[in-house]
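All letters in the sequence shown, in the order written, are residues 1 to 915 by the UniProt record's numbering.
Each residue gets a CB set at the ideal place from its N, CA and C atoms; glycine is no exception.
These numbers were taken from a predicted model, which means no experiment stands behind them.
Single-structure report; data block below.
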Amino acid sequence: MHSLQIQLHPLPGHPTWTSPANQRGRCDHQSFYLRNGLISLEISLRLNYALHVTGHTAVAPVSATLYDSSGYFQKYKEFEKSVRVEEIDGMKVVKNLAVKMEEMFRRKAEATRRLVEAAEEAHHQHEENPDLQYEYFNAVLINEVDEEGNNVELGGEFILEPSDHFNNLSVNLSLSVVQVPTNMYNKDPDIVNGVYWSEALNKVFVDNFERDPTLIWQYFGSAKGFFRQYPGVKWHPDEHGVIGFDCRNRKWYIQAATSPKDVVILVDVSGSMKGLRLTIARQTVSSILDTLGDDDFFNIIAYNQEIHYVEPCLNGTLVRADRTNKDHFREHLDKLFAKGIGLLGDALTEAFMILSDFNQTGRGSVCSQAIMLVTDGATEMYDDVFEKYNWPERKVRLFPYLIGRESAFADNLKWMACANKGYFSQISTLADVQENVMRYLHVMSRPKVIDHEHDTVWTEAYVDSAKNQGILLGVVGTDIPLQELMKLIPKHMEGQKRRKPNYSSVDLSEVEWEDKDGILRNAMVNRRTGTFSMEVKKTVDRGRRVLKMHNDYYYTDIKGTPFSVGVALSRGHGKYFFRGNVSLEAGLRDLEQPDVALADEWTYCNIEEEHEHRHLTQIQAIKLFMTGRRPHLKCDRELIQEVLFDAVVTAPLEAYWTGLALNKSENSDKGVEIAFLGTRTGLSRTNLFVPVDQDFLTAEDKEGVFNADHFPLWYKRAAEQVPGTFVYSIPFSTAHFCLVLLSAVGIQMKLEYFQKKFWTACRQCTALDGKCSISCDNERSRGKTMMVPCDTEYPAFVSERTIKETTGNIECGGCIRSFVIQQIPSSNLFMVVVDNKCDCSSNHILLIYSYTLDSFEHNESLKCERLKYQKDRKKPESCHPFHPEENAMECGSATRFSSPLAAALLPLITATISR
């Protein structure tokens, strides 16, 4: 007996930007979309009727739907004359956004400059005292007691109170704390003296926070290694009792302390490097990589009697020191093994030639250059090599690292460092690696420090600063969290955002990857003002679905910074906005109804800026602002007026849903659990048809809310769906719920209920003799997800809405299997009917008439090409490779050296301090 398999598959709808019902222009279409809720009930009548004739029970009686639908339209008619559709001026939006960001950056910069002045003055007034005894609040030891209940040394009682402004951490808003790296002595005279004079910063920290309550963390990082942080907070060591944080080895510190550089790392892999020495060498190279930032370029060469590039495909060139490239090279370090003899002269020659050739191309840092030499000895001084390639200009600095306890070759290596404006270090154990590697930084920072220009350098999120006598005193700064910048973005006017993991440092080309020629990227990198348009494919629902859109981009620079900002608006719904006016009394009344909620984390009113407002909800703040009781609140009046309009126009839904709930109590088998609506202003209405104590929201469902990052998935999919049709969605993970969405209005019902009605309809027999020879029982669809290594191109299926029906055959195991695919009208569903007489379980069935994104084979040559490819990047405006006043004879020794390294800190803004 033959069996018949029938499957229902949801697919993402292909977006259409003109209304199929009429050709009156985009404004009419946009009005149709923006009014989403105003037509939803009329559409739901058709849905209910269609489900009824195919064997599905309607959700509500026709009479109730007609009554409430007319009431809904009546409410709209009251305001129709005052309603208008406006096109969003993208350039105006992005310029306004740039001005707001410029002001935010300016305020943070002023706070750091006040810290710079205070720190310089405090240090100038202080006289170093090697015998100074001073008790300070150590971040790790505060509030710690000994076995007898007494406060431990450098601890003491330190009042801490929770603060929602600091992520609910317990902090002290009156005092700062000091963190000292685990490998340093808390009472070292240099530490104690630095902590003593930097106490003067406490008053400035507090004053800055009072002037600008949006400030988060403020810092001072000393060149001696300690880190002063405000507000005071307790630090907790890891399970091994260690805190690995050292402000001097953070990425932002290193970029602030030195100019961009090209670096070649030479690693000795001759036979004498076997065992522990090679292990220490690997760790030394890894630590050097940690000190390189995105403005730096590098390569690693291993040498014995031959030259071996650690990554063979990068022979004779340098690559950007971004995280991906550094991680790639680290993987290759484990493949190094020691044998043979070491020909250092050949390795030095190769390094000098690479640096010279690469510098001439203009593709590197075009600033400082250095060779890092990791070896257990040098039998000669190689002055002939230096004379040929580096003297007399000495443009390339040399930093030898002698591995092991033996000092037989120390004098040769130190001479090489001094003769080439570098620094010599000896590393005997793994514990010595980090401190010794970092010593090269104070040499690279000398020219920058001596220039006396208080040069301001912006790294990815930080700015640096000041100097004298060739030694940095330290760096001060303050955080500007990404969330603060996000609050400035007018979310209700944006197009859809696209983001990637680690998006704080992701390249624009990995987000807007359709910009193959780099037109948009290069314009923003070079801080131009302009517009750009292109078609994009956007994945939603964690990459399971694809939306195709046409975006218009608007971009400009942020004055006083090296940054640019851009806004993307999707053509159609993304470029138009629905506006209307209602009375303040009616708007506030309907906004406070129990079924209403506003977008979580959207800023209708800025309640973070003043302490007295932080306890308010957004709705409370709106009410106080609009009624004039808190006129000094900073609120977005335009957005508030629009959300009040949405609240009034959608108010009849409450009565409609209440009627449905009463009807459901009499007919409990309808299957509907939730009804919901969302508008572009972030307003949502929700009605539950299940007991309040029932946990009907899964983890995926709980993501379906408006928040600071995105519009919810159901809203985005409805926005891109063909107007007047439904979006059906079945969660992939649990297959427990089914969403039936009407533009930005929808209901949630039990999937079991929907399946029950579906299978009942499928079992109906139309044979003339009344005997059915087919069955749909116990048949389920199977899916397979293909994973490929590339993160921008991968296979996907997108429905083609112009094809209403197609048929075909599949051959498997000598058997022909027929199938029919038919589009279900007014939905994103299609029905697949398959003759199940053949066993094709071992075959991969491919849907024809599908659209597949380009994919390509992942191979080693492709990986190499990606490593070699260098994206254009805006170089820092200043470069400090050398200075005639720097002391080139301070070039290290084989004994322990107390490094005057520049400390650094913080995100977003830093400023150097001279001494």
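Query, Result
"Based on the DSSP secondary-structure assignment, which residues constitute the bridge partners of G535?", "For the record, residue 535 in the displayed sequence is Glu; it is not Gly. For E535, which the question treats as bridged, DSSP gives the partners H550."
"Say whether the segment 153 to 167 touches the segment 113 to 130, bearing in mind that this needs 3 or more beta-carbon pairs closer than 8 Å, one atom from each stretch.", "no"
"Give me the Cα-Cα distance between I622 and T603, rounded to the nearest whole angstrom.", "10 Å"
"Just the C-alpha distance for F563 and Q870, rounded to the nearest angstrom, thanks.", "20 Å"
"By DSSP's criteria, L862 is part of a beta bridge. Which residues make up the other side?", "Looking at the DSSP assignment, L862 forms no beta bridge with any residue, so it has no partner."
"Check whether the segment 294 to 301 touches the segment 257 to 267, taking contact to mean three or more Cβ pairs, one atom from each stretch, closer than 8 Å.", "yes"
"Assign T627 to one of three DSSP states: helix, strand, or coil.", "coil"
"Taking a contact to mean a Cβ-Cβ separation below 8 Å, would you say residue 916 touches S286 in this structure?", "Only positions 1 to 915 of the chain appear in this structure, which leaves residue 916 out of reach."
"Label L430 either buried or exposed according to how many other C-beta atoms from any shown protein chain fall within 10 Å of its C-beta, with 16 as the threshold for buried.", "exposed"
"Alpha carbon to alpha carbon, what distance is there between C891 and S368?", "17 Å"
"Let me confirm a value: C815 is counted as buried when at least 16 other C-beta atoms fall within 10 Å, else exposed. Which label applies?", "exposed"
"Please tell me whether F337 and A378 are closer than 8 Å, where the distance is taken between their beta carbons.", "no"
"Mind checking Y136: buried by the 16 CB within 10 Å criterion, or exposed?", "buried"
"Report the option in A109, Y554 and V269 whose CA atom is closest to the CA atom of D212.", "A109"
"So, are the CB atoms of T112 and E484 less than 8 Å apart?", "no"
"What do you reckon, are the CB atoms on G518 and D872 nearer than 8 Å?", "yes"
"What's the C-alpha gap between D595 and E654?", "7 Å"
"Do the segment 636 to 650 and the segment 581 to 595 touch if we need at least three Cβ pairs shorter than 8 Å?", "yes"
"At 3 residues or longer, what runs of the beta strand (DSSP E) sit wholly inside the segment 361 to 416?", "368 to 375 and 396 to 403"
"Let's test the definition: count the other Cβ atoms within 10 Å of the Cβ of D384 and tell me whether it reaches 16, buried, or not, exposed.", "exposed"
"Hey, which unbroken runs of the beta strand (DSSP E) at 3 residues or more fall wholly within the segment 146 to 202?", "161 to 163, 169 to 172 and 177 to 179"
"Could you tell me the boundaries of the alpha helix (DSSP H) in which H442 lies?", "Y440 to M444"
"With three or more beta-carbon pairs closer than 8 Å as the criterion, would you say the segment 276 to 294 touches the segment 321 to 335?", "yes"
"Identify, in the order they occur along the chain, each residue of the same chain with its Cβ nearer than 6 Å to the Cβ of T375, setting aside the five sequence neighbours on each side.", "D268"
"Which residue from F399, R114 and M524 puts its Cα closest to that of Y555?", "M524"
"Can you tell me where the alpha helix (DSSP H) with E110 in it begins and where it stops?", "G90 to Q125"
"Are the Cβ atoms of R801 and N809 separated by less than 8 Å?", "no"
"So for H332, helix, strand or coil by DSSP?", "helix"
"Going by C-alpha to C-alpha distance, which of R527, G477, E610 and D600 sits closest to E117?", "G477"
"In this structure, how does DSSP classify D262 when only helix, strand and coil are distinguished?", "strand"
"Could you check if G316 is buried or exposed, using at least 16 other CB atoms within 10 Å of its CB as the buried criterion?", "exposed"
"Where I747 and F726 are concerned, what is the direct C-alpha to C-alpha distance, given to the nearest angstrom?", "11 Å"
"Considering only their Cβ atoms, is the gap separating I371 from L344 smaller than 8 Å?", "no"
"Could you spell out where the alpha helix (DSSP H) holding S286 opens and where it closes?", "L276 to D290"
"Assess, as a yes-or-no matter, whether the segment 876 to 892 is touched by the segment 440 to 449 under the definition of 3 or more beta carbon pairs within less than 8 Å.", "yes"
"Can you check which of these residues, N304, I824, E80 and Q618, is closest to D600 by C-alpha distance?", "Q618"
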